[in-house]
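Chains as they are written, first to last, in numbering that gives the first Met the number 0: chain A, 0 to 263; chain B, 0 to 306. We put the beta carbon where it would ideally sit given N, CA and C, even for glycine. Given the structure is predicted, the values throughout are model-derived calculations rather than measurements. For reference, the structure is listed below as C-alpha cells.
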Amino acid sequence: MLELKNVHKTFNAGTVNEKKALNGLNLVLEDGDFVTVIGGNGAGKSTMLNAVAGVWPVDQGQILIDGQDVTKLSEHKRAAWLGRVFQDPMTGTAATMGIDENMALALRRGAHRGLRVGIKKEERENYRQLLKRLDLGLEDRISSKVGLLSGGQRQAVTLLMATLKKPKLLLLDEHTAALDPKTAHKVLTLSDEIVRENNLTTLMITHNMKDAIRYGNRLIMMWEGRIIYDVRGEEKSKLKVSDLLAKFEQVSGDEFANDRMMLS
Amino acid sequence: MPNIEHLIGALPSAAAQGLIWGIMAIGVYITYRVLDVADLTVDGTLCTGGATFIMMMLAGYNTWFCLLAAFIAGMLAGLATGLFHTFMGIPAILASILTQLGLYSVNLKIMGKANQAINVDRFPLLVSLRYIKDVPFYRNTILVVFLFIVAIIGILYWFFGTELGCSMRATGCNQQMARAQGINTKVCIVLGLMVSNGLVGLSGALLAQYQGFADVQMGRGAIVIGLAAVIIGEALLGKICQNFAYKLATVAAGSIIYYIVLQVVIWLKVDTDLLKLLTALLVAVFLAIPYWKQQYFNRVGGKKGGK
C-alpha cells in the first residue's frame, strides 16, 4: 500500500543547522497494516509522514502509494490517497467555516472542484449521523464555526474528515498529544474503531509507548532518520514498555529518560 | 456654522460615490478577509479599469462590452500579482506592490497620457455625476450602482457557496488544511486575486464614468479607502450581519458611510489637504481595535502569554 525506498531528506543543507531528518528510510506497508511509530525527538517520525504527504520534495528516494509513484506529485494531488490528522488541533480544520462545510471539503478530497454547490442538503444528514457517533453533541450544531469548538472536538472532527472519504493511507501525527488525557483517550479509541471498521492502512505516531503497543498490528521505532526496529503480530502484542526501552538504549546508547517519550 | 442645506444637497453624490467605491471595497474584502492577503494591486487596478473603459468607449465600443473589458483588465492585474506570489514565491504584499508600480506605466500606455476625459453628452454612459438629480429614477446613478452592487453580492454569494468558492475560503483560512484536503491553494489564491481585481477594475470603470475622466492618479490610496469601508462596515454592522451576503452588504454600507463622513468633513471646512492623513489615521485606529481588545482581555483574564 505504501512503499518508501531509500528516502533521504536534509534540512538546511550546508549550514550550521544542517539536519539529516531522513537517512535512507525504507518501509513497506501491507494493505490494512495499522502501524504505530515511536522514536525520540528528531528521530524523523513527523518528517516521514510529511514526506509521504508531500509537504516538500524529498532529496532522494522514491515514494509509492498503492503502487503509484507519487514522489514528484504535489501535496494537494497526493491528498487524494491520504487522510491526515495533525498534532495541533488547529491545523486540520478551517476555523472560520462550519463543521458541515469542513466535512464537505473533506468529502471532495481528490475530486474536481467546480461550480457545483459546495454542500448538498442530503450530505448534512449524513454528517449529522457521523457526528452523533462522536457523542460530543456536535450533531445539534452542525453549522457552527469550527473555531468555536474545543481542541478535542476539533481533533475528533478532523479524524472524521480524514476518514470520510476512505483514504488509501491514514496518517496520524501524534494527533492526541495536545489533548488532555481523558479527551486523548477518547480520540484514540475512536481512531482505533474507525481504522478497524474500515480496515484502513494507517501510520500513527505516538509518544506513548503503552499506546504504541496496545494499538495496531505493527510497531516501528525510528532513530536518526531510519527504522531501527520493526515488529508485528504476535511478537508485537507481547511487547512491554521495558522491552522498547531496552531496544532503544541498545541502538542509541542513550537514555530514554532524557527524552520526551512518555513511559506511562 | 456652515449651511446645513449645502450638506444635504451634497449627500446624494456622496452616496453615489460611496456605492461606486463600495464595489472596490467588496473586492478588497475578498482579498483581505476571505483570502487573508493584503493586496495593494488595487491602487493601480482602479485606474486600469477606468482607463480601459474610457479608451474603449472613445473607440466606439458598446458600454457593456467596455465594462466587461474593464473587469477583464482588472483580472489580468490580479493574475500578475497572483503569479508573482505563487509562481515566483514573492510575499503577497510585495508582489502586489510590484504590480501596482508596473500598472502605473501600463495605465499611462493605455491612455496615452495621464488623463483622458469622456463627455457624458456624447457617449451613452451608465452613470455620471450629472445623473444624480433631474433624471428619470431609472437613470439615477444611485439606483444603477445599487443594482450593480446587489447583482455582484448575489453572484459572489453563490460563487463562495460552490465547491470552488469553498476551497478558496478554506485556502484563506488555513492553507495547510486546504492542501491536506486536496485543494490547490496556489490556484485558489490566484483566482481570488483575479476576482477581486476584476471587481476593482469594474469599480474604476464606473468611477471614470461618474467623474467623466480617468486619471493615472485616481487609484492612489484606494486600498486604504477599501480597508476603511471593510472596517467601518464590520465595526458598525458586523455583530448583526453574520451571513456572507450581509457581510458584503456591510462593506458597501461602510463605503457609503465613509463618503458621507468625508462630505461632512468637507462641509465643516476642514483643510482637504488633510483628508488622506485623516483617513490613514482613522484606518490605523480601527485596525488597532481588535489588537487592543485582545491585549486588554488577556490582562483581565489573568492569562499569561501562552502560545
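With a CB to CB cut of under 6 Å and the five nearest residues on each side skipped, what residues in its chain are close to residue 286 of chain B? Excluding sequence positions up to five before and after residue 286 of chain B, its CB lies less than 6 Å from no other CB in the same chain.
State the CB to CB distance for the pair residue 24 of chain A and residue 224 of chain A, rounded to an integer number of angstroms; the pair is presumed to be in contact (CB under 8 Å). Contact holds; Cβ gap of about 6 Å.
Assuming residue 7 of chain A is part of the alpha helix (DSSP H), what are its boundary residues? Boundaries around residue 7 of chain A are those of the beta strand (DSSP E), 1-10, since no alpha helix (DSSP H) includes it.
For residue 253 of chain B, count neighbouring C-beta atoms within 10 Å of its own C-beta (all shown protein chains included) and say buried if the count is 16 or more, exposed if not. When all chains shown are included, residue 253 of chain B counts as buried.
Taking only beta-carbon atoms, is residue 178 of chain B less than 8 Å away from chain A? With 8 Å as the cut-off, residue 178 of chain B counts as an interface residue toward chain A.
Cβ shell of residue 240 of chain A (< 8 Å), same chain only, five flanking positions each side left out: Closer than 8 Å at Cβ, skipping near neighbours: 208, 209, 212 and 262.
Tell me the residue span of the alpha helix (DSSP H) that contains residue 89 of chain B. Per DSSP, residue 89 of chain B belongs to no alpha helix (DSSP H) and is neither H nor E.
Could you tell me which of B/274, B/188, B/46 and B/161 sits nearest to residue 34 of chain B, measuring between CA atoms? The residue with the shortest Cα to Cα distance from residue 34 of chain B is B/188.
Since residue 166 of chain A and residue 82 of chain A are thought to touch, with beta carbons under 8 Å apart, how far apart are those beta carbons, to the nearest angstrom? The pair is a contact, with the Cβ atoms about 4 Å apart (cut-off 8 Å).
Please return the same chain residues whose Cβ sits closer than 6 Å to the Cβ of residue 19 of chain A, not counting the five positions on each side in sequence. Closer than 6 Å at the Cβ level, and outside the excluded window around residue 19 of chain A, lie 9 and 224.
Does chain A have any CB closer than 8 Å to the CB of residue 233 of chain B? By this cut-off, residue 233 of chain B is not an interface position.
Roughly how many angstroms separate the alpha carbons of residue 31 of chain A and residue 201 of chain B, rounded to a whole number? The C-alpha of residue 201 of chain B is placed about 55 Å away from the C-alpha of residue 31 of chain A.
Return the chain-ordered list of same chain residues with a C-beta closer than 7 Å to the C-beta of residue 122 of chain B, the five sequence neighbours on each side being excluded. Excluding five sequence positions before and after residue 122 of chain B, the CB atoms of its chain that fall closer than 7 Å to its own CB belong to 56, given in chain order.
Below 8 Å on the Cβ atoms is my guess for residue 72 of chain A versus residue 200 of chain A; work out the distance and round it to an integer in Å. Actually they are not in contact, since the Cβ atoms of residue 72 of chain A and residue 200 of chain A sit about 18 Å apart, beyond 8 Å.
With a floor of 3 residues, list each beta strand (DSSP E) that falls wholly inside the region 20-77 of chain A, ordered by position along the chain. Counting only runs of 3 or more, we get 33-38 and 59-64.
Give a yes or no on whether the minimum CB-CB distance between residue 168 of chain B and chain A is below 8 Å. Look at residue 168 of chain B: its C-beta is under 8 Å from a C-beta on chain A.
Taking the beta strand (DSSP E) that residue 114 of chain B falls in, what are its first and last residues? Where residue 114 of chain B is concerned, the enclosing beta strand (DSSP E) starts and stops at 114-116.
Give me the Cα-Cα distance between residue 192 of chain A and residue 17 of chain B, rounded to the nearest whole angstrom. If you take the alpha carbons of residue 192 of chain A and residue 17 of chain B, they lie about 57 Å apart.
Compare the C-beta of residue 39 of chain A against all C-beta atoms of chain B and say whether one is closer than 8 Å. So, not an interface residue.
So which residues on chain A does residue 4 of chain B lean against when the C-beta distance must stay under 7 Å? Within chain A, no C-beta atom comes less than 7 Å from the C-beta of residue 4 of chain B; the nearest is roughly 46 Å away.
The region 89-105 of chain A: positions lying closer than 9 Å to chain B by Cβ: When C-beta distances to chain B are compared with 9 Å, the residues of the region 89-105 of chain A below that value are 89, 90, 91, 92, 93, 94, 95, 96, 100, 101, 103, 104 and 105, in chain order.
Which of the three DSSP states, helix, strand or coil, is assigned to residue 80 of chain B? In the structure shown, residue 80 of chain B sits in a helix (DSSP, three-state: H, G or I).
Note down the Cα distance separating residue 176 of chain A from residue 144 of chain B, rounded to an integer number of angstroms. Cα to Cα, the separation comes out at about 54 Å.
Residue 152 of chain B at chain A interface by Cβ criterion, 8 Å: Residue-level contact by beta carbon fails for residue 152 of chain B and chain A, as no gap is shorter than 8 Å.
Assign residue 168 of chain A to one of three DSSP states: helix, strand, or coil. DSSP places residue 168 of chain A in the strand class (E or B) of the three-state scheme.
If you reduce the DSSP assignment to three classes, tell me which class residue 178 of chain B lands in. DSSP places residue 178 of chain B in helix when its eight states are reduced to three.
Measuring CB to CB, does residue 26 of chain B end up less than 8 Å from residue 242 of chain B? Judged by beta-carbon spacing, residue 242 of chain B lies beyond the 8 Å limit of residue 26 of chain B, meaning their Cβ atoms are not closer than that value.
Residue 227 of chain B vs residue 257 of chain B beta-carbon contact at 8 Å: Yes, they are a contact pair.
Which of the three DSSP states is assigned to residue 207 of chain A in this structure? Correct three-state label for residue 207 of chain A: strand.
Residue 29 of chain B vs residue 191 of chain B beta-carbon contact at 8 Å: Yes, these two residues count as a Cβ contact at 8 Å.
Residue 191 of chain B at chain A interface by Cβ criterion, 8 Å: No, because no Cβ of chain A sits closer than 8 Å to the Cβ of residue 191 of chain B.
When DSSP labels each residue in this structure, what does residue 214 of chain A get in the three-state scheme? DSSP places residue 214 of chain A in coil when its eight states are reduced to three.
By the 10 Å Cβ neighbour count, where 16 or more other Cβ atoms means buried, how is residue 87 of chain B classified, buried or exposed? By the beta-carbon neighbour count (other beta carbons within 10 angstroms, threshold 16), residue 87 of chain B is exposed.
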